[in-house]
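In what follows, a structure is listed as structure tokens, so that the remarks can point back to it.
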Amino acid sequence: AQSVTQLDSHVSVSEGTPVLLRCNYSSSYSPSLFWYVQHPNKGLQLLLKYTSAATLVKGINGFEAEFKKSETSFHLTKPSAHMSDAAEYFCVVSVSSNDYKLSFGAGTTVTVRA
Amino acid sequence: DGGITQSPKYLFRKEGQNVTLSCEQNLNHDAMYWYRQDPGQGLRLIYYSQIVNDFQKGDIAEGYSVSREKKESFPLTVTSAQKNPTAFYLCASARGMFNEQFFGPGTRLTVL
């Protein structure tokens, strides 16, 4: 079974500084990987996805992530944090090559200081 | 305007009652999903459906039931057998395998 580990449960950054959210996955095949963002009491919104094309994936709102197969990582970054980036972020991996299910990480809460 | 809708946004239930949460999508997606979210635990899969008239149990199906009579609709019933139903429930849909899931705004269920 596939699984995903978000290495930080909480990240705090100052506005205008870089954001790094770390994600490692385990997979016996080449997975699809996603990052979602969730603002309080809202549904999840897709930030970006990796599906075996370019290893550096650009998403919405200035976020990007790099797929590193050798390190089984899919870390999310943003060069300059905004106050509106304060939210919870989920790293997600497809479960298998023939299954519709996704496996969600436990989430990382981002706080942005003024 | 395409998307997923969930209703109601807030739902209160007395112990021993069954309640049904609505999920509708107009994205023409084949697959639909129900998740439960508790603080600090991420999302856990309750049920999913890959096609009309077919659905499978997820990781925490006990105390829940679903139906998929129409492509657009995937209602979730929280039965009295669910011992701890207070949670935030999220519905999602996807075009198919390896595609991203689109989420509804969620329903917060509270048992009084």
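As given, the protein sequences belong to chains A and B, one line each in that order. Using the working numbering, the letters of the first sequence correspond one by one to residues 1 to 114. Using the working numbering, the letters of the second sequence correspond one by one to residues 1001 to 1112. Glycine included, every Cβ here is placed at the ideal spot set by N, Cα and C.
- Under the three-state reduction of DSSP output, I60(A) falls in the helix class.
- Annotation: Cβ neighbours of Y1048(B) in chain A (cutoff 9 Å, chain order): Y100 and K101.
- Any Cβ of chain B closer than 9 Å to the Cβ of F67(A) would place that residue at the interface, and such an atom is absent.
- According to the DSSP secondary-structure assignment, E88(A) is paired through a beta bridge with Q38(A) and T109(A).
- Among the residues facing chain A, F1055(B) is not included, as its CB has no counterpart in that chain under 9 Å away.
- Taking 8 Å as the upper bound for CB-CB distance, Q1101(B) and A1092(B) are in contact here, some 4 Å apart.
- Listed along chain B, the residues sitting closer than 8 Å to A106(A) by beta-carbon distance are G1040, Q1041 and G1042.
- The CB of K49(A) comes closer than 7 Å to the CB of E1100 in chain B, given here in chain order.
- A distance of 9 Å or more separates the beta carbons of L1090(B) and Y1047(B).
- Note that the region 1024 to 1038 of chain B does not touch the region 1008 to 1015 of chain B; fewer than 3 beta-carbon pairs, one per stretch, sit closer than 8 Å.
- A Cβ of chain A is located within less than 9 Å of the beta carbon of G1096(B).
- In its chain, beyond the 5 residues on either side, Q1006, S1007 and P1075 have a beta carbon closer than 7 Å to the beta carbon of S1022(B).
- Rounded to the nearest whole angstrom, the C-alpha separation of R22(A) and F1055(B) is 33 Å.
- Residue pairing by DSSP puts E66(A) in a beta bridge opposite L56(A) and H75(A).
- G1096(B) and A106(A) do not touch by the CB rule: their CB atoms are close to 27 Å apart, not below 8 Å.
- One thing to note: C91(A) has its Cβ within 9 Å of the Cβ of Q6(A).
- Relative to the Cα of L1109(B), the nearest Cα in the group V1066(B), V1078(B), I1060(B) and Q1025(B) belongs to V1078(B).
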